[in-house]
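Colleague: Below is the structure I would like to discuss, written out as structure tokens.
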Amino acid sequence: MSPATRAEIASQPALWRRAIEMAHDGIPGLPTAGERVLVLGCGTSYYVGLAYGSMREAAGLGPTDALIASEIPPVLRAYDRVIAISRSGTSSELLDAVRTLREQQPGVPVTALLGEQGTPLADLASDIVDLSFADEQSVVQTRFPTVQLVLLRAALAAQTTSVDAATYDRVPLAGLDSLPERAQAALESALPATGIRQLVILGRSWGQFVAEEAALKVRESAGAWTESYAVGEYRHGPVATLGPGTLVWGLDRLPDDIVATVETAGGTVEHGCGEPLVELVRLHRYAVELAAEAGRDADRPHLLSRSVVLGEDGEPG
Numbered sequence: 006m007s008p009a010t011r012a013e014i015a016s017q018p019a020l021w022r023r024a025i026e027m028a029h030d031g032i033p034g035l036p037t038a039g040e041r042v043l044v045l046g047c048g049t050s051y052y053v054g055l056a057y058g059s060m061r062e063a064a065g066l067g068p069t070d071a072l073i074a075s076e077i078p079p080v081l082r083a084y085d086r087v088i089a090i091s092r093s094g095t096s097s098e099l100l101d102a103v104r105t106l107r108e109q110q111p112g113v114p115v116t117a118l119l120g121e122q123g124t125p126l127a128d129l130a131s132d133i134v135d136l137s138f139a140d141e142q143s144v145v146q147t148r149f150p151t152v153q154l155v156l157l158r159a160a161l162a163a164q165t166t167s168v169d170a171a172t173y174d175r176v177p178l179a180g181l182d183s184l185p186e187r188a189q190a191a192l193e194s195a196l197p198a199t200g201i202r203q204l205v206i207l208g209r210s211w212g213q214f215v216a217e218e219a220a221l222k223v224r225e226s227a228g229a230w231t232e233s234y235a236v237g238e239y240r241h242g243p244v245a246t247l248g249p250g251t252l253v254w255g256l257d258r259l260p261d262d263i264v265a266t267v268e269t270a271g272g273t274v275e276h277g278c279g280e281p282l283v284e285l286v287r288l289h290r291y292a293v294e295l296a297a298e299a300g301r302d303a304d305r306p307h308l309l310s311r312s313v314v315l316g317e318d319g320e321p322g
């Protein structure tokens, strides 16, 4: 089952390499250092925006907000550039958000990170980053968001030489050329056993947003009870659901006290490699295995479609 999703997961190393090469060549329309940036998205695209914003600000490259397209405030603060992320280019809430932005700040350029070209979002954008090579057949997004984050990280890395590095975190922007090889290793690595009651995914810094994306993949693919948190936040309430059958998966090595708490309560721990995107590849694979165990097809997830298109009444068409 899920042949398209499995193939798309397996294609990530080659596509990450292509994204890095694109960034090395320069990509018109991406923010320059110091610009005030807003990223708009829904679901997966929102998590990409959060992770990108976290890395960009930590690197000292400029203030970066990420907003859920359906929840933008009535009045937006001033921005120098807006990034709108969409695989389909047709999501109604994102299109409405871009139109609202255009009405309030007509001179602000909008860059679309787009999978399907020639769509309504393309018509609204000032610049388009063509990611059609990473588009997917499956409803569940796997390679499309990871390609975006590799591309955006590589683009940020190219800008860091223009900013004083004394007080900034550049670790997420280093060693990117090794990511495709590490992704390949993730495709070949052993996975934890299935048969779990609950999955909890924990990340640090920008990785906490990758953890949210990973949890979404598992919920979409397998309909499984999956939660995600920043590592330290797990101690502050969510740990109350822990028990036998809980798998706590850290995107990097988890603190000893959390490990002890999990094991004492009868749960199990999976320590990640410390690179959130590489660990996300493993979680993609795990999501498909959980889906198969549950008799679900990740290519055709329950109640989901490729794009959320709303009618004039604001309801799905």
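Quick note on numbering: our numbering labels position 105 of the sequence shown as 110, and the sequence is numbered without any gaps. Even for Gly, the Cβ is constructed at its ideal location relative to N, Cα and C.
For D182, I'd like the list of residues in its chain whose CB is within less than 6 Å of its CB, leaving aside the five on either flank, ordered along the chain.
Modeller: Here the set comprises nothing.
Colleague: Tell whether a beta-carbon distance below 7 Å holds between G279 and D257.
Modeller: Yes. Within cutoff.
Colleague: Quick one: does L72 have its CB under 7 Å from some CB of chain C?
Modeller: Looking for chain C here will not work: only one protein chain is present.
Colleague: So, for V134: in the same chain, excluding its five sequence neighbours on each side, which residues have a beta-carbon less than 8 Å away from its beta-carbon?
Modeller: Cβ neighbours of V134 beyond the five flanking positions: I32, G34, L35, T116, A117, L118, L119 and L156.
Colleague: Quick one: what does DSSP say D174 is sitting in, helix, strand or coil?
Modeller: Three-state result, D174: coil.
Colleague: Considering I263, what are the terminal residues of the alpha helix (DSSP H) in which it resides?
Modeller: Taken as a continuous stretch (DSSP letters only), the alpha helix (DSSP H) holding I263 covers D261 to T269.
Colleague: Can you give the Cα-Cα distance for A15 and Q109, rounded to whole angstroms?
Modeller: Those two C-alpha atoms are separated by around 42 Å.
Colleague: Would you call the region 51-58 and the region 263-277 touching, i.e. three or more CB-CB distances under 8 Å?
Modeller: At 8 Å Cβ cutoff, the stretches do not touch.
Colleague: Per DSSP, which one or two residues make a beta bridge with W116?
Modeller: Checking the sequence, you will find Thr at residue 116 rather than Trp. Bridge partners of T116: I88 and D132.
Colleague: Mapping the DSSP letters down to three states, classify L81 as helix, strand or coil.
Modeller: In this structure, L81 counts as coil in the three-state DSSP scheme.
Colleague: Figure out for me which residue from G58, T95 and E76 has the closest Cα to the Cα of R86.
Modeller: Closest option to R86, Cα to Cα, is G58.
Colleague: By DSSP, does I14 sit in helix, in strand, or in coil?
Modeller: Reduced to three states, the DSSP call for I14 is helix.
Colleague: Identify which residue in S312, A292, S310 and S97 has its Cα closest to the Cα of S7.
Modeller: Cα-wise, what sits closest to S7 is A292.
Colleague: DSSP has G208 in a bridge; who is on the other side?
Modeller: Looking at the DSSP assignment, G208 forms a beta bridge with A235.
Colleague: Helix or strand or just coil, what does DSSP make of I201?
Modeller: DSSP places I201 in coil when its eight states are reduced to three.
Colleague: Ordered along the chain, which non-local residues of its own chain (more than five positions away) have a Cβ less than 7 Å from that of F214?
Modeller: So the qualifying residues of the chain are Y52, L55, A56 and S59.
Colleague: Cutting at 7 Å between CB atoms, please list the residues of its own chain near A227, excluding the five before and the five after it.
Modeller: Result list for A227: A292, L295, A296, A299 and R301, in chain order.
Colleague: Give me the Cα-Cα distance between C47 and R11, rounded to the nearest whole angstrom.
Modeller: For C47 and R11, the distance between alpha carbons rounds to 23 Å.
Colleague: Excluding the 5 residues preceding and the 5 following A102 in the sequence, name in chain order all residues of the same chain whose CB lies nearer than 7 Å to its CB.
Modeller: L45, A74 and I77, listed in sequence order.
Colleague: On the DSSP letters alone, give me the boundaries of the beta strand (DSSP E) that D257 sits inside.
Modeller: Premise fails: D257 is in no beta strand (DSSP E) and is neither H nor E.
Colleague: Quick one, are the C-beta atoms of V42 and T69 less than 7 Å apart?
Modeller: Contact: yes.
Colleague: For R92 and E121, what's the separation of their Cα atoms in angstroms?
Modeller: Those two C-alpha atoms are separated by around 6 Å.
Colleague: Mapping the DSSP letters down to three states, classify L35 as helix, strand or coil.
Modeller: L35 falls in the coil class under three-state DSSP.
Colleague: What is the DSSP secondary structure of L72, counted as helix, strand or coil?
Modeller: It is a strand residue.
Colleague: Can you look up V313 in the DSSP assignment and give me helix, strand or coil?
Modeller: Coil.
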